[in-house]
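Have a look at the structure below before the remarks.
Number of protein chains: 2
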Amino acid sequence: MANVAVLGYGVVGSGVVEVLKENCMSISRKAGEEIKVKKILDIRDFPESPDRELITHNPDDVFEDDSISIVVETIGGVGVAQEYTKRAFLKGKHVVTSNKELVAAHGPELMKLAKECGVNYLFEASVGGGIPIIRPLNQCLAANEIVGITGILNGTTNYILTQMKREGKDFDEALKSAQQNGYAEANPAADIEGHDACRKIAILSSIAYNEFVDSKNIYTEGITNITLADMEYAEAMNSVIKLLAVSKKVGDKIFARVSPAIISKNHPVANVEDVFNAIIVKGNAIGDAMFYGKGAGKLPTASAVVADVIDIVRHIDSNGRNVWKRKDYNNVIDINESTTRFFIRVSANNNEEAVNYIKQVFGDVEFVKVANDSYKDEIAFVTAKAKEGDLVSKKDSLKASASINDVISVIRVEEE
Amino acid sequence: MANVAVLGYGVVGSGVVEVLKENCMSISRKAGEEIKVKKILDIRDFPESPDRELITHNPDDVFEDDSISIVVETIGGVGVAQEYTKRAFLKGKHVVTSNKELVAAHGPELMKLAKECGVNYLFEASVGGGIPIIRPLNQCLAANEIVGITGILNGTTNYILTQMKREGKDFDEALKSAQQNGYAEANPAADIEGHDACRKIAILSSIAYNEFVDSKNIYTEGITNITLADMEYAEAMNSVIKLLAVSKKVGDKIFARVSPAIISKNHPVANVEDVFNAIIVKGNAIGDAMFYGKGAGKLPTASAVVADVIDIVRHIDSNGRNVWKRKDYNNVIDINESTTRFFIRVSANNNEEAVNYIKQVFGDVEFVKVANDSYKDEIAFVTAKAKEGDLVSKKDSLKASASINDVISVIRVEEE
């Protein structure tokens, strides 16, 4: 029998306890032995919970109990979670977590310590909720050199964008609806500003390219500036707007970015709606493989945590005891050095002059028109592919023309 | 160093050798040691091949060589492939295969023998080509009770249906185009009659429900009767026609079926086109997870084979040494006892009478109309959900009406 302690009895932690109980029989069969939750560490009491007998407030009950071999860390954040994770390793206990913040910030050190202590540090649930993606990257696609990753990695923002597109709600209304449905937190900054997606693409990239990709170095732009008007233009381009996280191996550096992007309706992730996530992995043998499912939620995320627990009990080291090396230089390409296409909307007081000026500045562009009179004083266009830094300079120079009042929107256009 | 022998230097076999060479560095890192192809067994000579030095015609060079620990069986079929697989087990060698025919027919016995010999029998590449699906079922979704599987499991038929829908080719033209592009064999029966998809859903179901599901017991219908007219009707229903393989746990029995199905354009697999495959797994914790990618092809399939080889070298037993038990009764539900909805097209000589007769026989139905004069002597409708056997009897009784000349098409309608 394998004894597990769960640290943090919140949404995911209680889900883990529930899944281990609910699917006890089949889990035991797959693991080869029974897996039992022996202790739940939380500062709170849960007098109404069926698991109240297991709750303890004393960390020693977990860390000093040699019969507990696996610790599930579902506390979140980098403070006490990090402290307990280290303490577990030093006591010879494996740790399974859903804590993307901790893995993205301190993955290299924690993985190194785990290796030194001869234990596993597994974090399938930290990306894509229930969607199997870290194990596939480590194992199923092990025969491939990973060339690139494209994903919708944040359910909250995808829900908001879906509400805007489908229901015609503006950003604030859509955010409110996400909060009412429990898909967004009271303070939604981490989601809507793109930081959550950024941590996730950093983790996936670190695995895929086998070197630590620091989320701090990744250009990150949220969806707070996206308007219904932008969506009308996207529709006119037979496209949709998604918050895309992308990364690519480019020589010995890595390109990574989180930003809203206009993508064709034929793009494999264009139809991924609501709180669903999807991740496309491009490998040099397999081509494109896509993984799709619920990116968050109690039971889906618990399902991923428990899969890691089962692997440990079966002595499967799904990480290959990898340790991400921190480079002593910034291995992420400067966003200004990357290439992209911009969709740009400007308000004009003289459309003909503005069009001529735009052509003069950007050369060959594709103009986009929507059949809506509200936009008749606007010019919208898509640039050719160019270095982002150059496009930004050109965009900034647009206001020099007397015919152009303002730049309203700038959104990247992503090809398949 | 781990030595591998490849049996059968065809498309997949040569792909395996290529991937192991091409990605040698990263594979060695992930496996923890170098993986080398020591011998290739084939009855043919390949004087032009860069691997010609490794080719042998003598099985003893493989089976009597104790330095070879892993055998890749890419011969196909159930004859010599089965004989060599057993011989490898008895010699203490692990076997990795892409041979769905052999696994579907003799999986239980081969897995049992492998277990007795203390070796692995892995077959990720037998379903979904390069798409990771067997390992996810065994490991990533191990915390779940699997409730059901829905998939597009055959690339050839999906290509044909896509060509029909997109290019307006009829079945014969589309098949010819598939053959010209190397997506269909000269004798395409196994694909277009649904047998290939049937073997694959049998393998997936055996894993998901942990008991052998014999492909012989699964109702299987191919796509040879699907016409462009059927597709026009599907379009009028805002739907598409796909060859779907489905299975579901129903009490202590299993429902499984391969057949063309009309599915809404909102169905997650509706947009899966060309030779791509997609598999939706429904688990009781994760909900729906979808896996998508190239279902066939040299390098994608080789990628899956090599992932299994790497797992063996890393001592990861991805199968959990499961042995599928053969039930001493038919554990697959009789198709006539399953419930479904039928789309039925009839030719009529008196539309009003025919409509009345159809209502009399089937009760509440939804009539489907297409804006095409060619079909004005037809009545098309979708039945309510009912036992398939009852629907078939009712369908057969349609011809009793003098107003109905013939039943033209019967296609199942699948809900999400």
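The listed protein sequences derive, respectively, from chains A and B.
Under my numbering, the residues of the first sequence are numbered 1002 to 1417, in order.
Under my numbering, the residues of the second sequence are numbered 1002 to 1417, in order.
The beta-carbon is built from N, C-alpha and C at its ideal position, and this holds for glycine as well.
Apart from sequence neighbours up to five positions away, the residues of its chain that approach A/D1309 with a beta-carbon distance below 6 Å are V1097, L1123 and E1125, ordered along the chain.
Taking C-beta separations shorter than 7 Å and ignoring five residues to either side along the sequence, the partners of A/N1350 in its chain run S1404 and N1406, following chain order. With respect to chain A, the C-beta atom of B/A1126 has no partner C-beta closer than 7 Å. A check of alpha carbon separations from A/E1074 across A/P1051, A/E1168, A/R1088 and A/F1363 identifies A/R1088 as the nearest. DSSP places A/M1165 in the helix class (H, G or I) of the three-state scheme. Counted as a single uninterrupted DSSP element, the beta strand (DSSP E) harbouring B/F1292 occupies residues G1288 to K1295.
Among the CB atoms of chain B, none fall inside 7 Å of the CB of A/N1182. Just measuring C-alpha positions, the residue of A/G1364, A/V1362 and A/V1314 sitting nearest A/I1028 is A/V1314. Of all residues in the region 1291-1309 of chain A, the ones placed with a Cβ closer than 7 Å to any Cβ belonging to chain B are M1291, F1292, Y1293, G1294, K1295, L1300, P1301, A1303, S1304, V1307 and A1308, in chain order. Per DSSP, the continuous beta strand (DSSP E) segment holding B/V1148 begins and ends at I1147 to I1153. DSSP, reduced to helix, strand and coil, places B/L1123 within a strand of the structure shown. For A/F1213, the secondary structure class from DSSP, reduced to helix, strand or coil, is coil. Under the 7 Å criterion on CB atoms, A/V1104 is classed as non-interfacial with respect to chain B. Inter-residue distance for B/G1152 and B/S1248 is about 9 Å (C-alpha atoms, whole angstroms). When rounded, the separation of the alpha-carbon atoms in B/M1026 and B/A1305 is 18 Å. Scanning the region 1028-1057 of chain A for uninterrupted beta strand (DSSP E) segments of 3 residues or longer gives 1036-1042, listed from N- to C-terminal end. Considering only B/I1219, B/V1005 and B/T1163, the residue with the shortest C-alpha distance to B/I1334 is B/I1219. Non-local beta-carbon contacts of A/C1118 in its own chain, meaning distances under 7 Å to residues more than five positions away in sequence, involve F1090, L1091 and G1093 in chain order.
For the pair A/G1016 and A/K1299, the CB atoms are nearer than the 7 Å cut-off. As DSSP reads the structure, B/L1245 sits in a beta bridge with B/S1260.
Residues T1157, L1176, A1179 and Q1180 of the same chain have their beta carbon placed closer than 8 Å to that of A/P1189, with the five preceding and five following residues left out of the count. Within the region 1134-1162 of chain B, those residues whose Cβ lies closer than 8 Å to any Cβ of chain A are, in chain order, R1136, P1137, N1139, Q1140, C1141, L1142, A1143, A1144, N1145 and E1146. At a cut-off of 7 Å, the C-beta of A/I1311 has a neighbouring C-beta in chain B. For A/A1209, no CB of chain B lies under 7 Å from its own CB, so it is not counted at the interface with that chain.
Within the region 1344-1395 of chain A, the complete beta strand (DSSP E) runs of at least 3 residues fall at 1367-1369 and 1379-1383. Comparing alpha carbon positions, the residue from B/I1311, B/A1355, B/I1412 and B/S1348 closest to B/V1005 is B/I1311. Per DSSP, A/L1114 is not a residue of any beta strand (DSSP E); the alpha helix (DSSP H) it occupies stretches across K1101 to E1117.
Rounded to the nearest angstrom, the Cβ distance from A/G1294 to B/G1288 is 7 Å, consistent with a contact under 8 Å. Taking C-beta atoms as the reference points, B/I1264 and B/A1271 count as a pair closer than 7 Å. Membership of B/E1174 in the alpha helix (DSSP H) is indicated by the continuous run F1172 to Q1181. When only Cα atoms are considered, B/R1167 and B/N1121 end up about 44 Å apart. Taken through DSSP and simplified to helix, strand or coil, B/R1315 comes out as coil. For A/G1284, the three-state secondary structure derived from DSSP is strand.
With respect to chain B, the C-beta atom of A/S1027 has a partner C-beta closer than 7 Å. Under DSSP, the beta-bridge partners assigned to B/D1407 are B/S1348.
The Cβ atoms of A/D1171 and A/L1229 lie closer than 7 Å to each other.
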